[in-house]
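What follows is a short report on a single structure.
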Amino acid sequence: MGNRTDEKSIQELVEQMAAVQRRSQTLSLIITVVIVVMAAALIVSLAVVVPKITATLDHARTTLTDTQAVIQRISSSLDNLDSIGENLNGLSGEGAEKLGKLIDTLSTIDADALTASIQRFNSLLEGLSNFKLFG
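Dropping the structure here:
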């Protein structure tokens, strides 16, 4: 009888080991599927996020370049205004000529380009404030 009990307990142990092994294999499969799904989600999110970031940075670079050009033109116009204002002695002969130069200098300021650059810069800032990395 002792031999039969040993065989029965060995068989129960083998069955328990088989059940544990099946559970372990199932959990390993589930973990593998979860890892693959997470990796796919990461790749898809990077494929979506990276182009958005690149486009935003390109837009920012263009806007800043345009704004820089407008600021340089305004600066040179203001320098011309300063020099004309310093040399303006009155509205006689030479003064009228300098007033004409002042008016010409003021007319060279491109307000439309300045406004467009400021609007593009504002839209860039709005795009950056609405940009969400995850979600």
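Just add 663 to the spot in the sequence shown (first one is 1) and you have our numbering. We put the beta carbon where it would ideally sit given N, CA and C, even for glycine. In this text the structure is predicted, and so the values were computed from the model without any measurement.
| query | result |
| --- | --- |
| Cα-Cα separation between residue 725 and residue 739, rounded to whole angstroms | 21 Å |
| Length of the line joining the Cα atoms of residue 727 and residue 786 | 12 Å |
| Cβ-Cβ distance between residue 702 and residue 733 below 8 Å | no |
| Simplified DSSP assignment, three categories, for residue 772 | coil |
| Residue 680 beta carbon near the ligand NAD (any heavy atom closer than 7 Å) | What this structure holds is no ligand at all, so the ligand NAD is not there to describe. |
| Cβ distance (whole Å) where residue 719 is taken to contact residue 790 below 8 Å | 6 Å |
| Nonlocal neighbours in the same chain, by C-beta distance under 8 Å from residue 772, ignoring five residues either side | 736, 737, 740 |
| Backbone CA spacing between residue 675 and residue 684 [nearest angstrom] | 14 Å |
| Contact check, residue 744 vs residue 762, beta carbons under 8 Å | no |
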